[in-house]
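Note sheet for the following structure.
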Amino acid sequence: MENLHRQLNFYWAGKYKTTYPEDFQEKRKKKNTTNISETRRTNKARYDRDSKLLPNIVPGQPVYVRNPITNKWEPGTVKSMESQQSANLELERGSSVRRNRLDIRETPIKKSPRQEASVQDQINEDESQPGLPSKSTTSPDGSKHRTQSGRIVKPPLKL
Numbered sequence: 015m016e017n018l019h020r021q022l023n024f025y026w027a028g029k030y031k032t033t034y035p036e037d038f039q040e041k042r043k044k045k046n047t048t049n050i051s052e053t054r055r056t057n058k059a060r061y062d063r064d065s066k067l068l069p070n071i072v073p074g075q076p077v078y079v080r081n082p083i084t085n086k087w088e089p090g091t092v093k094s095m096e097s098q099q100s101a102n103l104e105l106e107r108g109s110s111v112r113r114n115r116l117d118i119r120e121t122p123i124k125k126s127p128r129q130e131a132s133v134q135d136q137i138n139e140d141e142s143q144p145g146l147p148s149k150s151t152t153s154p155d156g157s158k159h160r161t162q163s164g165r166i167v168k169p170p171l172k173l
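Pasting the structure below:
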């Protein structure tokens with residue numbers, strides 16, 4: 015590179031000029047060598063800003079495992095943890111697989127019939143409290159429409 019500068023200086027009969035001033039080029043060289051660790055820290059902070067920790071899983075825990083071919087989630091159980099990022103799993107269909115932590119999801123906790131009945135009792139108590147407006151809505155056939163969570167759906171108010 016220096017040889018090229020010499021040839022250009024000879025050809026142009028003077029110092030070869032660049033678009034950058036000399037002091038800027040020197041500062042640029044110094045900046046690249048002195049602030050590498052600081053740059054790495056700021057880049058890591060930006061990268062980690064939107065990341066989140068996955069919940070811990072333990073052997074014997076029921077989970078859902080993503081099948082990479084069909085892209086569907088299949089039920090299974092954790093046999094052992096190979097590392098923090100991978101686990102050996104046994105699927106309900108009988109096969110044993112090893113999957114990355116990103117392809118494993120915890121199974122949602124199902125409520126027992128007792129818990130479901132207590133939720134229904136609380137909903138019924140809320141409807142029967144005096145002084146509060148009635149939450150019950152009836153559809154044209156006379157039945158109340160409820161969502162899966164137990165909330166009563168009110169029809170829209172149209173003028």
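Residue numbers (my numbering): 15 to 173. For every residue, glycine included, the Cβ atom is placed at its ideal position computed from N, Cα and C. Note that this is a predicted model, so its numbers are computed, not measured.
1) Taking 8 Å as the threshold, find out whether the stretch 107-114 comes into contact with the stretch 57-72 through three or more Cβ pairs.
2) Leaving out five residues before and five after Met95 in sequence, what residues of the same chain have Cβ atoms less than 6 Å from its Cβ?
3) Given this structure, state the Cα-to-Cα distance separating Leu103 from Leu171, to the nearest angstrom.
4) Could you tell me which residues DSSP puts in a beta bridge with Gln88?
5) Relative to the C-alpha of Ile5, which candidate in Glu106, Gly108 and Asn81 has its C-alpha closest?
6) Would you call Val167 buried or exposed, if buried means 16 or more other Cβ atoms sit within 10 Å of its Cβ?
7) Does DSSP put Leu68 in a helix, a strand or coil?
8) Between the Cα of Arg107 and those of Gly90, Gln99 and Glu52, spot the shortest distance and give me the residue it belongs to.
9) Where Leu67 and Leu18 are concerned, what is the direct C-alpha to C-alpha distance, given to the nearest angstrom?
10) Specify the secondary structure class of Ser100 as computed by DSSP and reduced to three states.
11) Is Lys58 helix, strand or coil when you go by DSSP?
Concretely, from the data shown:
1) No, the stretch 107-114 is not in contact with the stretch 57-72.
2) Around Met95: Ala101.
3) Leu103 and Leu171 have their C-alpha atoms spaced approximately 52 Å apart.
4) Checking the sequence shown, residue 88 turns out to be Glu, not Gln. Looking at the DSSP output, Glu88 sits in a beta bridge with Val79.
5) Since the first residue shown for the chain is 15 and the last is 173, residue 5 is missing from the structure and cannot be characterised.
6) By the C-beta density criterion, Val167 is exposed, having fewer than 16 other C-beta atoms within 10 angstroms.
7) In this structure, Leu68 counts as coil in the three-state DSSP scheme.
8) The option with the nearest alpha carbon to Arg107 is Gly90.
9) Going from the Cα of Leu67 to the Cα of Leu18 covers about 53 Å.
10) Assigned with DSSP and collapsed to three states, Ser100 falls in strand.
11) Here Lys58 sits in helix by DSSP.
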